[in-house]
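Okay, so here's the structure we're looking at.
2 protein chains.
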Amino acid sequence: MARGANAREAILDAAEAVVIESGAGHLTLAAVAAKAGVSKGGLLYHFPSKEDLLKGMLDRLIQRFDQARKEKAEGLKREAGAQIKATILTYAEGDARKEKIGSALLAAGAHAPKLLQPAREDFRRRLEEFMRSGLSFQRAAVLFFAFYGLVFSDLLSLSPLKPQERQAFLRELLALTKP
Amino acid sequence: MARGANAREAILDAAEAVVIESGAGHLTLAAVAAKAGVSKGGLLYHFPSKEDLLKGMLDRLIQRFDQARKEKAEGLKREAGAQIKATILTYAEGDARKEKIGSALLAAGAHAPKLLQPAREDFRRRLEEFMRSGLSFQRAAVLFFAFYGLVFSDLLSLSPLKPQERQAFLRELLALTKP
DNA sequence: GTCTATATCAAGATAGAC
DNA sequence: GTCTATCTTGATATAGAC
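Okay, here's the thing in structure tokens:
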């Protein structure tokens, strides 16, 4: 089943589907290969190791979020905190399936730290963006970590907030983007 | 090597030592058994599965942190935000070795969600404590998630803060505990 | 270049002896 | 309560077909 460059994308789709349907614990090469319609060997031709597959998933996830964030930012006024606002809104509007994928990558990342390198760089860039927003260091840092506290809680299904509390919290974060 | 009830503690110590020395990726039953001076079979008598072992590690970690937090809180004045202050200070003063252990448990938890159940309950109790502190909902929620944003960043070695920035951020969090 | 089939190895788990 | 031996599964490597 030769699909050229598209095979990569098909395999990444399959990997995400496996995680969403069966959870991070069932993300095995065999399951992904079956879902993608290739053999394990075929999968390993495109991604030489499971770690490479996970890296592929993480890279694509970050890239897609960045794209959505950029588009959102273009629709906002060029006021102080607009970039931060775009980040928060993009996350708030994203669908819950992504969290399962994020959870799988978190599991992999804690297992093999170097896998998180792209996420680490993205994290740093985002902090710098918060810092450049015109807010004070204190305000920007609190806003940044409060936002990521929510993100990580979501990724680990740890958040104890009721839906309306969650909404109120997100509104408060947005309010804090104004100097 | 019959050590009765102490064997459990010895095995948990060994598991922590393996994680601290070799990282989460090398936490295998064989490595823990060797470090504890028992066979794999002997280890599995005390912890019937790897998941049980991880749960044992997590329970003990939470219990120890709670103990330290309680002692810290007793030394503080009974002012609004004192409980929150105790939580933040206890974390700020804890040593970095615990983060490696926490990282391993995070990895395991993302892999097997039910393992995080005790952490989930602890998380909820802590949020309720923040809410009962006399601060507004908004202030308490921002403080809570900002604190845990830092904690999770540490656990994943993701935090891009320089040491002095980190100190400034922690001071800001403590300042926010005052109504 | 792309893939299948098969082999190898490590790790978690089980059964039963002591 | 602990050990040895064994089973199973998943990740990874290789040989070679198309």
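Protein chains in written order, with our numbering: chain A, 62 to 240; chain B, 62 to 240. Glycine included, every Cβ here is placed at the ideal spot set by N, Cα and C.
Item: A:Pro174 in three-state terms, based on DSSP; Value: helix
Item: Under the three-state DSSP convention, the category B:Glu112 falls into; Value: helix
Item: Residue nearest to B:Asp127 in terms of C-alpha spacing, selected from B:Ser164, B:Leu104, B:Thr89, B:Ala180; Value: B:Ala180
Item: Simplified DSSP assignment, three categories, for B:Thr238; Value: coil
Item: Residue of B:Ala78, B:Leu90, B:Gly84, B:Gly117 minimising C-alpha distance to B:Arg69; Value: B:Gly117
Item: Euclidean distance between Cα positions of B:Pro224 and A:Thr148; Value: 26 Å
Item: Segment contact flag, the segment 164-178 of chain B with the segment 215-223 of chain B, C-beta cutoff 8 Å, min 3 pairs; Value: yes
Item: Cβ distance (whole Å) where B:Leu104 is taken to contact B:Leu88 below 8 Å; Value: Going by Cβ atoms, the distance from B:Leu104 to B:Leu88 rounds to 12 Å, so no, they are not a contact pair.
Item: Contact check, A:Glu112 vs A:Gln144, beta carbons under 8 Å; Value: no
Item: Contact check, A:Ala141 vs A:Ser197, beta carbons under 8 Å; Value: no
Item: Segment limits, alpha helix (DSSP H) that includes B:Thr89; Value: Counting along the chain, B:Thr89 falls outside any alpha helix (DSSP H), and DSSP gives it neither H nor E.
Item: Helix, strand or coil at B:Ile81 [DSSP, three-state]; Value: helix
Item: Chain-ordered chain A contacts of B:Pro174 [CB-CB under 9 Å]; Value: Gly84, Ala85, Gly86, Ser164, Leu217, Ser218
Item: Contact with chain B by A:Gln225, beta-carbon distance below 8 Å; Value: no
Item: When B:Leu222, B:Arg186, B:Ser220 are compared against B:Phe205, the one with the closest alpha-carbon; Value: B:Arg186
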